[in-house]
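Let me begin by presenting the structure, written as structure tokens, before commenting on it.
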Amino acid sequence: MTPEESRKAAEFFLRKIDEYIDHPVRFMEVCGTHTVAIFRSGIRQLLPEKVELVSGPGCPVCVTPNDYMDMAIAYAKEENNIIATFGDMLKVPGTTSSLIEANTRGADIRIIYSPLDALQMARDNPSRNIIFLGVGFETTAPLTAATIQAARQENIKNFFVLTSHKWTDAPVKALLSDDKVNVDGFLLPGHVCVITGEGPFSFVAEKYKKSAVVTGFEALDILQAVYMLAKQIHEKRAEIENAYKRVVKYNGNIIAQKAIMEVFDKTAATWRGFGLIEQSGMSIKDEYSEYDALKCIKGDKEISKENPACCCGDVLRGIIKPPQCPLFKKICTPDKPAGACMVSVEGACHAWYKYGQGRYHYGR
Amino acid sequence: MCLAVPAKIIEKNNMMATVDVEGIKRQISLMLLPDAQTGDFVLMHAGFAIQLIDKQEAEITTQLLKEVSLDDA
Ligand code: SF4
Ligand code: SF4
Numbered sequence: 001m002t003p004e005e006s007r008k009a010a011e012f013f014l015r016k017i018d019e020y021i022d023h024p025v026r027f028m029e030v031c032g033t034h035t036v037a038i039f040r041s042g043i044r045q046l047l048p049e050k051v052e053l054v055s056g057p058g059c060p061v062c063v064t065p066n067d068y069m070d071m072a073i074a075y076a077k078e079e080n081n082i083i084a085t086f087g088d089m090l091k092v093p094g095t096t097s098s099l100i101e102a103n104t105r106g107a108d109i110r111i112i113y114s115p116l117d118a119l120q121m122a123r124d125n126p127s128r129n130i131i132f133l134g135v136g137f138e139t140t141a142p143l144t145a146a147t148i149q150a151a152r153q154e155n156i157k158n159f160f161v162l163t164s165h166k167w168t169d170a171p172v173k174a175l176l177s178d179d180k181v182n183v184d185g186f187l188l189p190g191h192v193c194v195i196t197g198e199g200p201f202s203f204v205a206e207k208y209k210k211s212a213v214v215t216g217f218e219a220l221d222i223l224q225a226v227y228m229l230a231k232q233i234h235e236k237r238a239e240i241e242n243a244y245k246r247v248v249k250y251n252g253n254i255i256a257q258k259a260i261m262e263v264f265d266k267t268a269a270t271w272r273g274f275g276l277i278e279q280s281g282m283s284i285k286d287e288y289s290e291y292d293a294l295k296c297i298k299g300d301k302e303i304s305k306e307n308p309a310c311c312c313g314d315v316l317r318g319i320i321k322p323p324q325c326p327l328f329k330k331i332c333t334p335d336k337p338a339g340a341c342m343v344s345v346e347g348a349c350h351a352w353y354k355y356g357q358g359r360y361h362y363g364r
Numbered sequence: 365m366c367l368a369v370p371a372k373i374i375e376k377n378n379m380m381a382t383v384d385v386e387g388i389k390r391q392i393s394l395m396l397l398p399d400a401q402t403g404d405f406v407l408m409h410a411g412f413a414i415q416l417i418d419k420q421e422a423e424i425t426t427q428l429l430k431e432v433s434l435d436d437a
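Protein sequence lines correspond, in order, to chains A and B. My numbering puts the first sequence at residues 1 to 364. My numbering puts the second sequence at residues 365 to 437.
Given below as structure tokens:
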């Protein structure tokens, strides 16, 4: 498409959205990558005032509780351990410190791009424990699962995973059954649905009668999805639709789903801001316990506490906007985040900090 | 963290593939997408191909958007 055609398509969507919506509505983007794309492209400012986009729980970094970080930090302190992690985890605050602080005190923490890099590290350092921080939703969990399977195939004994992998349907369910949360429709995370397909989110429409559209990350994808949500509302439908068919197949990636089911059990897990959610976490199955860091490696973990002043929980549920948190921009900044939502570039507070100009600054 | 990007497979070698991402070549795993072939566009995430990008669907979307933009403009 030429830029001119894209512009026309965008205009069309915006005009239709305005036409279809006759009362204030709130749509939640579940995924933090959407949050960032929305800010970058200025979609919030383009939409009519009656259509509000709120950020949801969609960043694994943001929902990682202190307890997990404290365990990772405890592991990092042991000389024989190497922590292998995606870069976003470095600054996530634990109860009293972070991985980056452990790093400056000499811990061996290495940033990797793929879990397979951690496996390579294990081959290269046979006398040390490589502990991979397995964080992420259904998009990332199958990669960890496949890496564990590869480790078994090769009989690698010094590769371990500290898992905090999570399912994304669980918090959406929790949100929908919370009276304080008021959302009329959802933008579903495209890259999660690449793996899961549309099925796991069907409850949104069936049980809760809310509209939802799977979408990608280009500005036009997102506008198209908001348009489809508006159209559903106008026509009083509540369905799961897909605006990202070029990569999201109805059934997702079955091999990846199998890899997850083969390696992980569904367990209760703690989400920063939400607390414990049943059936929302992935723990390593007993058959693979030799790769489970928690079962194989001791660590001297401090007693974990969440910072009571941090409002990440309300931000992640769309109850308040980041500037309404008393710590926002004062104590909590991307350089020194107090809560996890400020850490990752996909975090709602980080996005507001970086891009939060526009009408929200004028009292809305 | 779930940032995934399109890549083109230029060489397949068992469960690994060499892909081109905007001119940069990388090695990725096909463990989760074993049927991908040389020439296919795939969505790549953290060192793995996770799905085929459906050219036809991509074209349908583009076509749809074109039509939409012409609608009573
Ligand atoms: S990591 Fe990031 S992309 Fe993946 S779900 Fe999150 S926010 Fe979306
Ligand atoms: S500003 Fe900081 S402390 Fe407040 S909600 Fe955001 S991340 Fe949490």
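By construction, the Cβ of each residue, glycine as well, lies at the ideal position given by its N, Cα and C atoms. Keep in mind the model is a prediction, meaning the values are calculated, not measured.
Does DSSP put residue i in a helix, a strand or coil?
i, result
"H409 of chain B", "strand"
"I109 of chain A", "strand"
"S344 of chain A", "coil"
"V63 of chain A", "coil"
"C193 of chain A", "helix"
"K249 of chain A", "coil"
"G356 of chain A", "coil"
"K301 of chain A", "coil"
"E306 of chain A", "coil"
"M1 of chain A", "coil"
"H165 of chain A", "strand"
"L90 of chain A", "coil"
"A400 of chain B", "coil"
"I319 of chain A", "coil"
"K180 of chain A", "coil"
"S55 of chain A", "strand"
"T270 of chain A", "strand"
"T139 of chain A", "coil"
Answer with yes or no whether the minimum CB distance from residue i to chain B is below 8 Å.
i, result
"E49 of chain A", "no"
"S289 of chain A", "no"
"L14 of chain A", "no"
"I195 of chain A", "yes"
"K231 of chain A", "no"
"A72 of chain A", "no"
"Y355 of chain A", "no"
"E5 of chain A", "yes"
"V25 of chain A", "no"
"V161 of chain A", "no"
"N253 of chain A", "yes"
"H165 of chain A", "no"
Please confirm if residue i has its CB atom under 8 Å from at least one CB of chain A.
i, result
"V432 of chain B", "yes"
"G403 of chain B", "no"
"A410 of chain B", "yes"
"I373 of chain B", "no"
"A368 of chain B", "yes"
"T382 of chain B", "no"
"I388 of chain B", "no"
"L407 of chain B", "yes"
"L429 of chain B", "yes"
"A400 of chain B", "no"
"L396 of chain B", "yes"
If you draw a straight line from the alpha carbon of residue i to that of residue j, how long is it in whole angstroms?
i, j, result
"S164 of chain A", "R44 of chain A", "32 Å"
"K329 of chain A", "L223 of chain A", "29 Å"
"P65 of chain A", "E306 of chain A", "8 Å"
"V194 of chain A", "Y250 of chain A", "9 Å"
"H23 of chain A", "S211 of chain A", "16 Å"
"H409 of chain B", "G199 of chain A", "22 Å"
"L47 of chain A", "L14 of chain A", "7 Å"
"N80 of chain A", "V263 of chain A", "26 Å"
"W352 of chain A", "V247 of chain A", "29 Å"
"V135 of chain A", "P60 of chain A", "6 Å"
"T168 of chain A", "P93 of chain A", "22 Å"
"S344 of chain A", "T333 of chain A", "11 Å"
"N129 of chain A", "G339 of chain A", "29 Å"
"I254 of chain A", "Y288 of chain A", "21 Å"
Measure the beta-carbon distance from residue i to residue j and round it to whole angstroms, keeping in mind my assumption that it falls under 8 Å.
i, j, result
"A170 of chain A", "S280 of chain A", "3 Å"
"Y20 of chain A", "F160 of chain A", "In fact, because the Cβ distance is near 51 Å, the residues do not count as touching under 8 Å."
"A9 of chain A", "V432 of chain B", "5 Å"
"V406 of chain B", "V385 of chain B", "With 8 Å as the limit, V406 of chain B and V385 of chain B do not qualify as a contact, their Cβ atoms being about 10 Å apart."
"C62 of chain A", "C310 of chain A", "At roughly 11 Å, the Cβ-Cβ gap does not stay under 8 Å, so C62 of chain A and C310 of chain A are not in contact."
Would you kindly check if the distance between the Cβ of residue j and the Cβ of residue i is under 8 Å?
i, j, result
"F201 of chain A", "L220 of chain A", "no"
"T147 of chain A", "P115 of chain A", "yes"
"A118 of chain A", "A84 of chain A", "yes"
"K77 of chain A", "A107 of chain A", "yes"
"E346 of chain A", "T139 of chain A", "no"
"A422 of chain B", "I392 of chain B", "no"
"A256 of chain A", "L396 of chain B", "yes"
"G275 of chain A", "C312 of chain A", "no"
"S304 of chain A", "D67 of chain A", "yes"
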